[in-house]
Structures are given as structure tokens and as C-alpha cells.
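> Chains as they are written, first to last, in numbering that gives the first Met the number 0: chain A, 0 to 217; chain B, 0 to 268. Built from N, CA and C at the ideal position, the CB exists for glycine as well. Before anything else, here's the structure in question.
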Amino acid sequence: MGNIFDEIKIYGPGFLEASWTVFGITILTIAVSWACGLLAALAQRSDWKAVRVAAGFYIWFIRGTPTLIQVFLIYFGLPQIGIRLSPFTAGVIALGINSGAYVAEIVRGGLTAIQRGQTESALALGFSPAQTMRTIILPQVFRIILPSITNEAISTLKNTSLLSTITVVELTLYAQTLIASTFRPFEFYIAVAVIYLVLTTILTFVASWLERRYANLG
Amino acid sequence: MSDPLLKLREIRKSFGDNEVLKGVSLDVAAGEVVSIIGASGSGKSTFLRSINALELPQSGFMDFEGLSFDFRSESRMFPTPSQLQSLRARVGMVFQSYNLWPHMTVLENVTHAPTKLLKLPRAQAIQEAEALLSRIGLYEKRHSYPARLSGGQQQRVAIARALAMKPRLMLFDEVTSALDPELVHEVLVLMASLASEGMTMLLVTHEIAFARDVSSRVLFFDKGVIAEQGSPDILQHPESERLQQFLHRILHDKVGHAISNDSGQGTQA
């Protein structure tokens with residue numbers, strides 16, 4: 000084992016780049032997941048049965064199948080029907096759709112926590128149902144679900160390591176290539192673990208800052 | 000009565016098999032203050048809520064300021080979503096449970112609808128809201144969140160929020176029922192001052208004294224119909240046996256006020 004500073008000099012830039020990839024995937028995945036989750040949660044309250052059934056199926060399928068299989072379906076499966084995605088894009092879509100199902104359940108729970116009177120008082124003033132949802136209900140739901148949605152974001156962040164299996168050069172795959180040439184799995188996997196810890200800790204700090212900011216309300 | 004502000008004909012509403020409104024008709028002239036009394040389950044709240052279509056009647060006709068609705072779903076005059084919005088924007092409503100929005104300050108609660116729906120410039124909306132809040136004595140609380148206010152204060156803000164839309168008609172649905180007794184007065188005072196300024200008001204209430212002193216007309220609901228109506232005198236000299244019984248129950252049975260809400264007959268032995 001050489002000098003630790005030399006090692007950082009050699010492998011550091013590669014790890015940094017892989018960390019940026021993880022960071023980028025996570026941010027984009029969270030965006031996809033919130034969009035899917037919100038849509039599915041609202042779809043479950045739709046007046047149209049077909050829409051409710053579709054949303055229910057989505058959540059049922061995602062929660063009942065392994066994340067890794069969902070990733071494989073998107074990356075290896077879709078080309079068979081002519082949809083070829085880059086590993087990065089396939090990864091973001093797969094993880095986003097996956098996390099979206101859990102976000103949908105969180106949002107659904109948040110929605111049930113808002114009293115009917117909140118909606119009625121907005122409707123009674125002349126707001127449309129969509130305006131009511133957007134300006135009155137969802138801002139309150141967001142405050143309620145912030146802690147659970149943080150947990151979900153953290154598990155999304157950790158799930159990015161699954162994308163090593165579809166050749167996204169994120170932390171895990173980068174470490175594996177180094178291990179293949181150096182035969183030092185322990186150090187390199189520890190390094191990956193430490194970087195993930197730093198990332199999840201940052202995410203937790205951001206979330207608790209948001210929570211403190213909005214905590215003073217009813 | 001010259002051209003009423005609000006005209007309702009044969010309003011019917013059922014929940015499942017339970018017919019709550021059995022063809023109620025009513026004209027309200029501008030400036031009238033109409034109190035609606037009756038036991039719980041008599042349909043009075045549903046009636047009030049069908050005036051701004053928070054409950055859509057299954058049939059009946061309505062006229063209000065150029066809006067004409069026929070509530071039969073197959074009718075061509077069935078209200079469209081945008082007609083409903085414009086009806087509700089001109090009819091203010093205050094609820095038993097205040098329903099202020101907890102994520103907005105008092106001022107934001109009052110300015111939200113005028114800025115979003117009437118497209119009032121922000122500065123003007125704030126100015127008008129502050130004037131309203133001064134009037135109800137809560138100017139100092141304008142930057143507080145609702146959770147920091149007492150029930151009476153919240154209810155006054157809820158009234159200000161509705162007034163900010165400059166409604167032609169105000170609906171009050173048991174607005175003092177959730178309040179601690181010592182907070183009821185401040186809300187009633189505000190409502191009385193609105194009435195004296197000529198605001199057209201319909202209120203569902205258990206405050207018989209208030210109904211007697213402030214309203215121009217009293218409706219007694221029983222089993223989905225207006226069983227008796229007239230000047231507030233009917234509260235002193237009720238004609239129908241049902242109104243006599245009702246008044247007797249709520250005036251002489253203080254305990255029953257709370258109990259009558261759930262069980263009808265008091266079980267205090």
C-alpha cells in the first residue's frame with residue numbers, strides 16, 4: 000500500500016468524476032420520480048376509472064418487482080422493440096419510474112392528511128380544482144411529506160450503484176475496474192462507501208434545512 | 000319584492016337514498032339577512048352549500064346576477080366549471096371550521112384569491128387586505144400564521160378572506176359553533192356590522208338571539224323543507240308545532256346544544 004496522498008492523486012480525479020455522475024443521475028432521477036409520483040398520486044384520485052386502474056397497476060408492478068429487473072427491462076428489453084437508450088438515460092428513467100411509485104404512495108398519504116375544508120374554502124372563493132391543488136393543497140402536502148420524501152431520495156441515491164450493471168460509469172463500476180487491475184477490493188469499496196456516506200449526509204442536511212424553514216407552520 | 004338577487008326553485012338533493020332537500024324554493028332580495036335554523040339533519044347546511052354549488056343539487060333552478068342554472072344533469076343550463084367558478088367568486092362563504100390555509104400568513108390568506116382570481120395588482124390587494132384586517136382589528140396579526148391565532152381571530156380572518164373578493168352575497172355555515180363561548184361574541188359583532196352595512200347574508204345558525212336581532216327573515220328547516228318562515232317574530236311566536244318544539248329544545252336545554260348535534264335526544268339523566 001503506497002502513500003495515501005499518492006493514491007488520492009492517482010485515483011481521486013476518477014472518483015470525483017464518478018461522483019459527479021452519481022450526483023447528476025440522482026438529481027435527474029429525483030425529478031423524474033417526483034413527476035411520476037405526483038402524476039400517479041393524482042391519477043389515483045381521478046374521476047375516470049381507467050386512469051385510477053392504470054395508476055394502481057403502475058404502483059403494484061413497481062413495488063412488486065426487483066429494481067434491478069426494472070433497470071434491465073428498460074436497458075436490455077426496450078431495444079427489442081426499437082427503443083435504444085444510452086446507459087445513462089436508461090438508468091435515469093428506470094430509477095425514476097421505480098422511485099416514482101414509492102413517491103406516489105407518500106404523496107397519497109400526504110393528500111389524505113389534508114382536511115376537506117382546505118379544498119372547500121378554496122373552491123368557495125372561486126378557485127378551480129387545479130388551482131386549489133397547486134396553490135393550496137400541494138404546498139401543504141410537500142411540508143408534510145418532506146421527511147419521507149427525503150428517505151426516498153436517499154434510497155434513490157444509493158440505488159444508482161445498480162446502474163453499474165448496465166455500464167454506467169458511476170462509483171461502483173469505476174471501483175470494479177480499478178479492483179480488476181489492482182486486486183484491492185477492500186480499499187476501493189471502502190472508498191465508494193465513504194463517498195456515498197458524504198453524498199447521503201449532504202442530502203440529509205439539505206432536507207433538514209428545508210424542514211426547519213417550513214417547520215413553523217400550523 | 001323587486002327583482003331578487005338570488006332566486007332558487009325546487010332545489011332537490013339526495014345522498015344515496017336519503018333525500019335531504021325536498022324541493023326548496025327561496026327568493027332573497029339585496030340587503031336581506033336571512034337566518035336559517037333547524038335541527039341537525041334538517042337539510043339547512045346542505046341547502047346553504049348548494050347555493051354556491053359546493054353541493055350540486057340533483058334538480059332545481061337558480062338565478063343569481065345573470066347566471067341561470069338548471070341542475071338536472073341533462074339540462075343545457077347545467078352549470079359549466081367556469082360558471083361555477085364565477086358564481087363562487089361572487090358568493091362569499093364562511094365555514095364552521097374556519098379553514099384558513101395554514102401555510103400562508105393572515106395577509107396571504109386574504110390576498111390570495113383577489114390576486115389570483117380578480118387579477119388585482121399585488122400592491123392594491125395588500126392595501127385592501129390591510130384595510131379589511133384593520134377593520135376586524137387584526138392588522139397587527141397580518142404577518143402571523145393562522146396557527147398563532149385564537150379561533151375567534153381565525154374566523155374573523157376567514158370572513159375578511161371572503162370579503163376580499165367583494166361578494167354580493169355572504170353565506171355563513173354555523174360559523175360560531177366551533178368556537179369557545181367567550182370567542183363567539185367577537186365574530187357575531189363583526190357579522191352584525193356587515194348586516195347593518197347592507198350586505199346580503201344567509202346564515203345557518205344556532206344563535207337564536209342573533210337571528211332574532213339581526214335578521215330580516217328567519218327560515219325554519221325541517222326534514223328537507225322550509226317548514227316555517229317569516230319575520231324574526233316567529234322565534235317568539237312560532238306557529239308550527241315543530242318550530243315550537245325546536246325552540247323549546249334549544250332555548251331551555253343548554254346542555255342539549257352540544258348533545259343534540261349527534262344524538263338528537265339528550266341522554267343526560
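Give the residues of chain B in contact with Arg211 of chain A, contact being defined as C-beta atoms less than 7 Å apart.
By 1-based counting over the first sequence, the position of residue 211 of chain A is 212. Per Cβ cutoff of 7 Å: no residues; Arg211 of chain A is ~15 Å from chain B at best.
> Residue ranges of each beta strand (DSSP E) run of no fewer than 3 residues wholly in the stretch 0-58 of chain B, ordered along the chain?
5-14, 17-27, 32-37, all fully within the stretch 0-58 of chain B.
> Taking CB distances under 9 Å as the criterion, tell me whether Leu55 of chain B reaches chain A.
Taking the first residue of the second sequence as 1, we reach residue 55 of chain B at position 56. Not an interface residue.
> Quick one, which residues of the stretch 125-138 of chain A are near chain B if we go by CB-CB under 9 Å, in chain order?
Residues Gly125, Phe126, Ser127, Pro128, Gln130, Thr134, Ile135, Pro138.
> Below 9 Å between beta carbons: does that hold for Val156 of chain B and Val105 of chain B?
The residue you call residue 156 of chain B lines up with position 157 of the second sequence. The residue you call residue 105 of chain B lines up with position 106 of the second sequence. Yes, the Cβ-Cβ distance between Val156 of chain B and Val105 of chain B is below 9 Å.
> Check Ser98 of chain A in the structure and name its three-state DSSP category.
Within the first sequence, residue 98 of chain A is the residue found at index 99, counting from 1. The answer is helix: DSSP assigns Ser98 of chain A an H, G or I state.
> Per DSSP, Thr181 of chain A forms a beta bridge with which residues?
Counted from its first residue, the first sequence places residue 181 of chain A at position 182. Thr181 of chain A is not bridged to any residue.
> Distance check for Val102 of chain A and Thr164 of chain A, CA to CA, integer angstroms please.
The count along the first sequence starts at 1 and reaches residue 164 of chain A at position 165. The count along the first sequence starts at 1 and reaches residue 102 of chain A at position 103. Roughly 24 Å between the two C-alpha positions.
> Which class does Arg212 of chain A belong to by DSSP, given the choice of helix, strand or coil?
To locate residue 212 of chain A, count along the first sequence from 1; it is residue 213. Correct three-state label for Arg212 of chain A: helix.
> Drop a sphere of 10 angstroms on the beta-carbon of Arg160 of chain B, count the other beta-carbons inside from all chains shown, and report buried for 16 or more, exposed for fewer.
Position 161 of the second sequence, counting from 1, holds the residue named residue 160 of chain B. With 16 or more Cβ atoms within 10 Å of its Cβ, Arg160 of chain B is classed as buried.
> On the three-state DSSP scale, how would you describe Met92 of chain B?
The residue labelled residue 92 of chain B in the question sits at position 93 within the second sequence. Strand, per DSSP.
> Determine contact between the stretch 78-95 of chain B and the stretch 82-98 of chain A, defined as no fewer than three beta-carbon pairs at a distance below 8 Å.
Segments in contact, no.
> Between Ala49 of chain A and Ile73 of chain A, which are expected to be in contact by the criterion C-beta below 8 Å, what is the C-beta distance as a whole number of angstroms?
Working through the first sequence from its first residue, we reach residue 49 of chain A at position 50. Working through the first sequence from its first residue, we reach residue 73 of chain A at position 74. Contact flag wrong, Cβ pair sits at about 24 Å.
> Counting contacts by CB-CB distance shorter than 9 Å, is Lys102 of chain B in contact with chain A?
Walking along the second sequence from the start, residue 102 of chain B turns up at place 103. At residue 102 of chain B the sequence reads His, which differs from the Lys that was named. Closer than 9 Å: yes.
> Give the DSSP-derived three-state secondary structure of Lys118 of chain B in the structure shown.
Counted from its first residue, the second sequence places residue 118 of chain B at position 119. Of the three classes helix, strand and coil, the one that applies to Lys118 of chain B here is coil, per DSSP.
> Counting beta carbon pairs with one atom in the stretch 52-70 of chain A and one in the stretch 121-131 of chain A, are three or more of them shorter than 8 Å?
Too few Cβ pairs lie closer than 8 Å, so no.
> Just the Cα atoms here: how many angstroms apart are Arg183 of chain A and Phe4 of chain A?
For the purposes of this step, residue 183 of chain A is taken as residue 184 along the first sequence, with counting starting at 1. For the purposes of this step, residue 4 of chain A is taken as residue 5 along the first sequence, with counting starting at 1. In a straight line, the C-alpha of Arg183 of chain A is about 17 Å away from that of Phe4 of chain A.
> For Asn150 of chain A, is the classification buried or exposed, using 16 other Cβ atoms within 10 angstroms of its Cβ as the cut-off for buried?
Within the first sequence, numbered from 1, the residue matching residue 150 of chain A stands at position 151. By the neighbour-count rule (16 or more Cβ atoms within 10 Å), Asn150 of chain A is not buried but exposed.
> Rounded to a whole number of angstroms, what is the C-alpha to C-alpha distance between Gln123 of chain B and Thr114 of chain B?
Taking the second sequence and counting its residues from 1, one reaches residue 123 of chain B at position 124. Taking the second sequence and counting its residues from 1, one reaches residue 114 of chain B at position 115. The straight-line gap from Cα to Cα measures roughly 9 Å.
> Rounded to the nearest angstrom, what separates Leu218 of chain B and Phe141 of chain A at their Cα positions?
Translated into the one-based positions of the second sequence, residue 218 of chain B becomes position 219. Translated into the one-based positions of the first sequence, residue 141 of chain A becomes position 142. C-alpha separation (whole angstroms): 43 Å.
> Note the first and the last residue of the continuous alpha helix (DSSP H) segment covering Arg248 of chain B.
To locate residue 248 of chain B, count along the second sequence from 1; it is residue 249. Note, Arg248 of chain B: alpha helix (DSSP H), 240-251.
> Helix or strand or just coil, what does DSSP make of Leu170 of chain B?
Locating residue 170 of chain B in the second sequence gives position 171, where the first residue counts as 1. Strand, per DSSP.
> Can you tell me whether DSSP reads Gln235 of chain B as helix, strand or coil?
Here residue 235 of chain B is taken as the residue at index 236 of the second sequence, counted from 1. Of the three classes helix, strand and coil, the one that applies to Gln235 of chain B here is coil, per DSSP.
> Suppose you measure from the CA of Tyr144 of chain B to the CA of Ser24 of chain B; what does that come to, to the nearest Å?
Counting from one through the second sequence, the residue named residue 144 of chain B turns up at place 145. Counting from one through the second sequence, the residue named residue 24 of chain B turns up at place 25. So the alpha carbons of these two residues sit roughly 41 Å apart.
> Starting from Ile225 of chain B, trace the beta strand (DSSP E) both ways and give me its first and last residue.
For this step, residue 225 of chain B is matched to residue 226 along the second sequence. Element bounds for Ile225 of chain B: 224-229.
> What is the residue span of the beta strand (DSSP E) that Ser67 of chain B lies within?
Taking the second sequence and counting its residues from 1, the one referred to as residue 67 of chain B is at position 68. Ser67 of chain B -> beta strand (DSSP E) spans 66-69.
> Return the CA-CA distance between Pro101 of chain B and Glu119 of chain A, expressed in angstroms with no decimal places.
To locate residue 101 of chain B, count along the second sequence from 1; it is residue 102. To locate residue 119 of chain A, count along the first sequence from 1; it is residue 120. Distance between the alpha carbons of Pro101 of chain B and Glu119 of chain A: 14 Å.
> Taking the alpha-carbon positions, what's the Arg211 of chain B to Lys43 of chain B distance?
Here residue 211 of chain B refers to the residue found at position 212 when the second sequence is read from its first residue. Here residue 43 of chain B refers to the residue found at position 44 when the second sequence is read from its first residue. Cα to Cα, the separation comes out at about 18 Å.
> I'd like the list of long-range same chain contacts for Leu131 of chain B, defined as Cβ closer than 7 Å, with 5 residues on each side in sequence excluded.
The count along the second sequence starts at 1 and reaches residue 131 of chain B at position 132. Here the set comprises Val109, Ala159, Leu162, Ala163.
> Out of curiosity, what's the CA-to-CA distance linking Ala40 of chain A and Thr25 of chain A?
Along the first sequence, read from residue 1 onward, the residue named residue 40 of chain A stands at position 41. Along the first sequence, read from residue 1 onward, the residue named residue 25 of chain A stands at position 26. Ala40 of chain A and Thr25 of chain A: Cα-Cα distance of roughly 21 Å.
> Could you pull out every residue in the same chain whose Cβ sits closer than 6 Å to the Cβ of Ser259 of chain B, ignoring the five residues on either side in sequence?
Indexing the second sequence from 1 puts residue 259 of chain B at position 260. Low confidence applies here, because Ser259 of chain B scores a pLDDT of 48, under 50, leaving its location unreliable and the question unanswered by this model.
> Along the stretch 108-119 of chain A, what residues have a CB closer than 7 Å to any CB found in chain B?
Residues Gly116, Gln117, Glu119.
> With C-beta atoms as the reference, is Val224 of chain B less than 9 Å away from Gly22 of chain B?
Taking the second sequence and counting its residues from 1, the one referred to as residue 224 of chain B is at position 225. Taking the second sequence and counting its residues from 1, the one referred to as residue 22 of chain B is at position 23. In contact: Val224 of chain B and Gly22 of chain B (Cβ atoms closer than 9 Å).
> Do Phe171 of chain B and Leu201 of chain B count as a contact pair if the criterion is CB distance below 9 Å?
In the second sequence, counting from the first residue as 1, residue 201 of chain B sits at position 202. In the second sequence, counting from the first residue as 1, residue 171 of chain B sits at position 172. For Leu201 of chain B and Phe171 of chain B, yes; Cβs fall inside 9 Å.
> Drop a sphere of 10 angstroms on the beta-carbon of Ser49 of chain B, count the other beta-carbons inside from all chains shown, and report buried for 16 or more, exposed for fewer.
Here residue 49 of chain B is taken as the residue at index 50 of the second sequence, counted from 1. Ser49 of chain B should be labelled buried.
> Between the stretch 108-124 of chain B and chain A, which residues of the former have CB atoms less than 8 Å from a CB of the latter, in chain order?
Cβ contacts with chain A: His111, Ala112, Lys115, Leu116.
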